[in-house]
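Numbering follows my numbering, in which position 5 of the sequence shown is assigned residue number 12; successive positions increment by one, without gaps.
All residues carry an ideal CB built from backbone N, CA and C; glycine is no exception.
Please read the structure below before turning to the comments.
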Amino acid sequence: MSNQNQVHDKKLAQHMRIAFVASDVPEAQAALLQLRGQFSHTDPDHADIIVALGGDGLMLQVLHRFMGQGKAIYGMNRGSVGFLMNDFRVENLMERIKDAERSIIHPLIMRATDTNQRVYEARAINEVSVFRQSYQAAKLALSVDGRMRMDELIADGVLVATPAGSTAYNLSANGPILPLKAPMLALTPISAFRPRRWRGALLPEQAKITIRVLEADKRPVNAVADHTEFRSVETIEIEIDQATDLVMLHDPDHGLEERILREQFGG
Numbered sequence: 008m009s010n011q012n013q014v015h016d017k018k019l020a021q022h023m024r025i026a027f028v029a030s031d032v033p034e035a036q037a038a039l040l041q042l043r044g045q046f047s048h049t050d051p052d053h054a055d056i057i058v059a060l061g062g063d064g065l066m067l068q069v070l071h072r073f074m075g076q077g078k079a080i081y082g083m084n085r086g087s088v089g090f091l092m093n094d095f096r097v098e099n100l101m102e103r104i105k106d107a108e109r110s111i112i113h114p115l116i117m118r119a120t121d122t123n124q125r126v127y128e129a130r131a132i133n134e135v136s137v138f139r140q141s142y143q144a145a146k147l148a149l150s151v152d153g154r155m156r157m158d159e160l161i162a163d164g165v166l167v168a169t170p171a172g173s174t175a176y177n178l179s180a181n182g183p184i185l186p187l188k189a190p191m192l193a194l195t196p197i198s199a200f201r202p203r204r205w206r207g208a209l210l211p212e213q214a215k216i217t218i219r220v221l222e223a224d225k226r227p228v229n230a231v232a233d234h235t236e237f238r239s240v241e242t243i244e245i246e247i248d249q250a251t252d253l254v255m256l257h258d259p260d261h262g263l264e265e266r267i268l269r270e271q272f273g274g
């Protein structure tokens with residue numbers, strides 16, 4: 008970076024409280040040392056903007072860590088997968104952050120009741136997944152807004168994905184890609200056995216989905232909200248948490264909405 012650009016970036020940085028965080032991989036740690044040596048660093052709890060150095064896994068961790076605090080997250084790819092991240096470049100970093108586009112997403116909230124009637128709650132940015140816990144397929148009943156829609160799904164499981172998460176596990180399970188601003192959720196089966204040809208459903212974002220586990224003792228099931236897992240669940244309720252805004256910053260030519268659109272065309 009030229010001396011002139013360094014001076015310009017430092018002036019911009021004086022007006023932003025920025026924290027740098029990184030995953031444990033060597034590339035991310037090296038980038039962290041470089042950036043902390045070049046720019047003033049604020050404690051993450053007091054920062055306005057978090058610069059996350061790593062892959063998509065780190066981005067999800069950072070979004071979860073600061074959920075509900077209104078902090079904007081600007082990710083730069085120093086990991087193996089970087090769908091949610093910007094390209095890593097130190098030059099003009101503060102200018103890039105200043106000009107970045109804001110993507111606001113809302114997490115899912117999951118309430119799960121286990122077979123001992125203990126209730127758990129967790130949020131998911133990508134998806135809530137329900138999986139068989141043993142060699143036997145799960146038997147599930149699916150309701151939407153209190154109305155039974157499928158009285159028996161036999162499958163490895165089922166998931167509910169947000170638009171932001173529709174290109175993650177949902178896509179691997181042959182679920183649809185949703186535009187970022189689409190007011191929808193994807194309900195996608197995982198290796199469905201019966202009904203064999205059921206490919207899932209698109210639901211309005213205000214829908215409340217209830218998954219009831221049939222034969223829960225014989226066919227145990229777990230529920231996962233992103234990376235938070237609860238075992239031997241009996242009932243799972245899922246809906247969008249509209250009260251919680253999560254803010255990601257992306258370079259204008261590399262926004263999340265554009266990436267999702269490209270993904271639909273194989274780009």
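Outcome for residue 75 when other beta-carbon atoms lying within 10 angstroms are tallied against a minimum of 16: Residue 75 sits at position 68 when you count from the first residue of the sequence shown. The residue in question, residue 75, is exposed, as its Cβ has fewer than 16 Cβ neighbours within 10 Å.
Suppose you measure from the CA of residue 186 to the CA of residue 159; what does that come to, to the nearest Å? Locating residue 186 in the sequence shown gives position 179, where the first residue counts as 1. Locating residue 159 in the sequence shown gives position 152, where the first residue counts as 1. The straight-line gap from Cα to Cα measures roughly 30 Å.
Simplified DSSP assignment, three categories, for residue 69: Mapped onto the sequence shown, residue 69 falls at position 62. The answer is helix: DSSP assigns residue 69 an H, G or I state.
Residue 113 versus residue 64 - alpha carbon distance: Here residue 113 refers to the residue found at position 106 of the sequence shown. Here residue 64 refers to the residue found at position 57 of the sequence shown. Cα-Cα distance, rounded: 18 Å.
Between residue 194 and residue 161, is the Cβ-Cβ spacing less than 8 Å? Counted from its first residue, the sequence shown places residue 194 at position 187. Counted from its first residue, the sequence shown places residue 161 at position 154. No, these two residues do not count as a Cβ contact at 8 Å.
Suppose the cutoff is 6 Å on Cβ atoms and the five residues either side in sequence are ignored; what does the same chain contact list for residue 173 look like? Counting from 1 along the sequence shown, the entry for residue 173 is found at position 166. Only 184, 185, 193 meet the Cβ criterion.
Every unbroken beta strand (DSSP E) within the segment 42 to 92, with a cutoff of 3 residues, ordered by chain: 56 to 61, 79 to 84
Give the secondary structure of residue 238 by DSSP, where H, G and I count as helix, E and B as strand, and everything else as coil. Here residue 238 refers to the residue found at position 231 of the sequence shown. Here residue 238 sits in coil by DSSP.
Residue closest to residue 61, alpha-carbon to alpha-carbon, out of 231, 138, 85, 26: Numbered from 1 along the sequence shown, position 54 holds the residue referred to as residue 61. Considering only alpha carbons, the answer is 85.
Looking only at its own chain, which residues have a Cβ that is under 7 Å from the Cβ of residue 270, when we skip the five neighbours before and after it? The residue given as residue 270 occupies position 263 in the sequence shown. The residues are 174, 184.
Starting from residue 105, follow the beta strand (DSSP E) in both directions and report where the run begins and ends. Along the sequence shown, read from residue 1 onward, the residue named residue 105 stands at position 98. No beta strand (DSSP E) holds residue 105; the alpha helix (DSSP H) holding it covers 100 to 106.
For residue 145, count neighbouring C-beta atoms within 10 Å of its own C-beta (all shown protein chains included) and say buried if the count is 16 or more, exposed if not. On the sequence shown, position 138 is the one that residue 145 refers to. Classification of residue 145: buried, given that the 10 Å Cβ count is 16 or more.
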